[in-house]
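Take a look at the structure below.
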Amino acid sequence: MKKLCYFPFLILFIFAGCQSQSPFSSEELEGWEQQASEIEILRDDFGVPHIYGKTDADAVFGLMYAQAEDDFKRVERNYIWAIGRLAEVEGEDELYSDLRARLFMSKEEAIEHYENAPQWLKELCDAWAAGLNYYLHTNPNVEPALLNRFEPWMPMYFSEGSIGGDIERVSTRRVQAFYEDRASLALNEFGNGLTVIDPYEEPKGSNGFAIAGEHTESGNAMLLINPHTSFYFRGEVHAISDEGLNAYGAVTWGQFFIYQGFNEKTGWMHTSTYADVIDEFKQVIEERDGQLKYKYGDEWRDVEVSEVTLKYKEGDELLEKTFPIYRTHHGPITHMIDDQWVATSLMWEPVKALEQSYTRTKKNNHDEFREMMDIRTNSSNNTVFADAEGNIAYYHGNFIPIRNTQFDHTQPVDGSNPATDWQGLHPVDETITILNPDNGWIQNANSTPFTAAAEFSPKREDYPGYMSSAPENFRGVHAIDLLEEVENLTLDGLIELAYDPRLPAFEKMIPGLIEAYDSSSPKDETIAEAIEVMRNWDFTTSEESVAMSLAHFYGMNYLRNGENPGGMNFMERMDYYGEGSPEEERLAIFKQTLEELEEDFGTWNTPWGEINRFQRLDGSIAPNFDDDQPSLPVGMASSRWGALASYGAGHYGNKKLYGTSGNSFIAVVEFGDTVTAKSLLAGGQSGDPDSPHFFDQAERYINVNFKDVAYYRDDVEARAEERYKPGER
């Protein structure tokens, strides 16, 4: 292969100009004012917006206006990131995040997708932009970081609902190495070029339970909606129109559909899937007669070459950098492996994804929901479902490419061989699904689908390996143990189940520590008292538990410092630390843990709630914490230990742990002649520290005191504390 000289070039200096006059025309403003007059927003006693419109477009307009009121900066940042302009605000470090976004779709392509969308979807995109722009017009004191005007093609970049979605698995480090230096980075531990989860980072994921009426007191189906996400990334909303929309739940800031939630007849909960939905294709590329070509079978095809100019902030200036973009039919070139360019294929159907994400919220029963799943663009999620007819269901993934199983697509494959290409998508009926299993319940906690309904689960041997590589995890084991005993369940009982304090990750690890101490000679008396605390522990978490403090830091220290034989999943590794690791290593790491606690807190004998805290000092996107400022004790624990109610806390330059992820929006829903639900939101609805709803749910959050959801109009009216039209507040 000839050496190619397509390097990005620098540099044009551009001085940031002053903000110009209003970007909105008088005709636009007149239309928005008319549309706003058709919309009513009622905010209840927790600040949750209930948006009423005549049309779905009215509801979307009001929904976006209300989101901007609650947390405009998060709405804006999500789109700055999605459309590939983050470096203009946050500097050169984000330049390759922007390039990654543009590799998969240019602005011109986004506009084309919008213009070719069904008319009803275009109207929703128009209403999306109108609601945000009208907010900016009626709130001139708000200073956007970048976007002074929102355009209706922007939702095409952010269409599927997940935080980040599939594109975040494309490594910006590898993008940078290729587009700056034509460099190849070493493959990850799994032998591919995608990003991998940091084993010490708080696990991301969710829990979803669907329970049939045979196990509930009322005889109605129930649903647990329990996403484990970063705090404050989703708001709680209710959108209603005269065209049949009546959806309640969590909305990712800036999107116009309820992502996890329910209507009167159906409920949907998404958990992160580990189906293989992204592939890397190594390309054979040569320059022939001045044209880049790539080999495909017996032919040489043209590499599609274009360029993009990106801006990035440096001090008070904006600089520009221009990059080439290369694409084959497999997708954009994202990195190199050795001397071969690699194209990355993933789901990129923005119109269909928006159709599926929105129409999901208006389905009335499982038959309609199942038909919607045929769109097959819910790529990064599993779906746990329940409805008013008593059905419960599970869909493991939704976008599943068909591959030739003689190739291992978990590794980069030879893109010059047509046999490695995707052969379309699996029909939904060929994917891993469950409908009304005889055990009467379904669970998924980002664990294997092959235990989702106990003995009535799908069988691994019936599916290609790429449909699920997820192993069992401690949350899944925990959920199964609880659900196998469930009967006469109420909503309060479902909450109790979802917050069960047991931590199964320690049920072999800690007895192994005790065994090591008991068999040691001579015994280290400096750890004897702490060993007795652990001996008497029941493996549950609480604010008052000293054993929980010891177990958490012992577990984290062992993960970082213990012998790792390799080839083990997380559950196997934790069990190994209790059953197979050297006994002297167990004792040494436990002693190290005690010494660290004594250094940080004065004594190892420190209750968990004094260490594990909930604090929200300001509305910044990157959280700030201060040990000297007020905070609240939290008894919940990390999901890595099998906690169903996840509380992901870490050190941020402090001695105490502060939560930033885990249980965020949580709801329990019961279907029947009417729908009944209870919910909680981490902290509060508003991102404004001056709002009464900035942190008003914090005590409820740590005390598991759910609020009743106001769903029907009479209930909303009874609890309404504000009533206004967009622009009047």
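Take my numbering: the final residue in the sequence shown is number 845, and no numbers are missing along the way. Where a beta carbon is used, it is the ideal one built from N, C-alpha and C, also for glycine.
Short Cβ contact (8 Å threshold) for residue i with residue j
| i | j | result |
| --- | --- | --- |
| residue 475 | residue 488 | yes |
| residue 541 | residue 518 | yes |
| residue 170 | residue 144 | no |
| residue 369 | residue 187 | yes |
| residue 842 | residue 250 | yes |
| residue 237 | residue 266 | no |
| residue 570 | residue 600 | yes |
| residue 516 | residue 567 | no |
| residue 724 | residue 751 | yes |
| residue 374 | residue 477 | yes |
| residue 625 | residue 693 | yes |
| residue 633 | residue 760 | no |
| residue 791 | residue 166 | no |
Inter-residue spacing [alpha-carbon to alpha-carbon] between residue i and residue j
| i | j | result |
| --- | --- | --- |
| residue 596 | residue 822 | 24 Å |
| residue 691 | residue 681 | 12 Å |
| residue 78 | residue 573 | Residue 78 is absent from the model: the chain starts at 117 and stops at 845. |
| residue 532 | residue 414 | 9 Å |
| residue 773 | residue 767 | 5 Å |
| residue 826 | residue 354 | 9 Å |
| residue 270 | residue 138 | 20 Å |
| residue 797 | residue 678 | 37 Å |
| residue 445 | residue 190 | 35 Å |
| residue 410 | residue 539 | 20 Å |
| residue 379 | residue 259 | 35 Å |
| residue 221 | residue 803 | 31 Å |
| residue 262 | residue 332 | 50 Å |
| residue 196 | residue 758 | 35 Å |
| residue 183 | residue 351 | 8 Å |
| residue 291 | residue 437 | 15 Å |
| residue 131 | residue 209 | Residue placement at residue 131 cannot be trusted, given a pLDDT of 36 that sits under 50; what the coordinates show is reported in the next sentence. Cα-Cα distance, rounded: 19 Å. |
| residue 523 | residue 224 | 35 Å |
| residue 243 | residue 146 | 14 Å |
| residue 722 | residue 656 | 16 Å |
| residue 619 | residue 728 | 16 Å |
| residue 418 | residue 408 | 6 Å |
| residue 421 | residue 296 | 16 Å |
| residue 185 | residue 845 | 9 Å |
| residue 781 | residue 299 | 42 Å |
Simplified DSSP assignment, three categories, for residue i
| i | result |
| --- | --- |
| residue 344 | strand |
| residue 384 | strand |
| residue 235 | helix |
| residue 564 | coil |
| residue 258 | coil |
| residue 511 | strand |
| residue 137 | coil |
| residue 267 | coil |
| residue 627 | helix |
| residue 483 | helix |
| residue 373 | coil |
| residue 840 | strand |
| residue 793 | strand |
| residue 120 | For residue 120, the pLDDT reaches just 39, beneath the cut-off of 50, and the residue's location in the model is therefore unreliable, although a value from the coordinates is still provided. In the structure shown, residue 120 sits in coil (DSSP, three-state: anything other than H, G, I, E or B). |
| residue 538 | coil |
| residue 846 | Nothing in the structure corresponds to residue 846, since the chain is present only between 117 and 845. |
| residue 820 | coil |
| residue 497 | strand |
| residue 392 | coil |
| residue 252 | helix |
| residue 240 | helix |
| residue 777 | strand |
| residue 786 | strand |
| residue 299 | coil |
| residue 491 | coil |
Would you call the region 732-743 in contact with the region 647-663, where contact means no fewer than 3 C-beta pairs closer than 8 Å? no
Contiguous alpha helix (DSSP H) assignments of at least 4 residues, all confined to the region 395-480: 466-475
Extract the residue ranges of the beta strand (DSSP E) inside the region 722-774, only unbroken runs of 3 or more that lie entirely within it. 728-730 and 763-766
Run through the region 311-365 for me and flag every whole beta strand (DSSP E) of 3 or more residues, listed as ranges in chain order. 321-327, 338-346 and 350-357
Taking the runs of the beta strand (DSSP E) that are 3 residues or longer, which of them lie wholly in the region 149-209? 155-159 and 165-169
Taking the runs of the beta strand (DSSP E) that are 3 residues or longer, which of them lie wholly in the region 630-701? none
Note down, one range per segment and in chain order, each alpha helix (DSSP H) of at least 4 residues found wholly within the region 565-602. 590-599
Counting Cβ pairs closer than 8 Å, one from the region 638-654 and one from the region 613-629, do we hit at least three? yes
Tell me whether the region 283-299 and the region 498-512 touch, counting them as touching only if at least three CB pairs, one residue from each stretch, are closer than 8 Å. no
When you compare the region 292-303 with the region 227-237, are there three or more beta-carbon pairs, one atom per stretch, that lie closer than 8 Å? no
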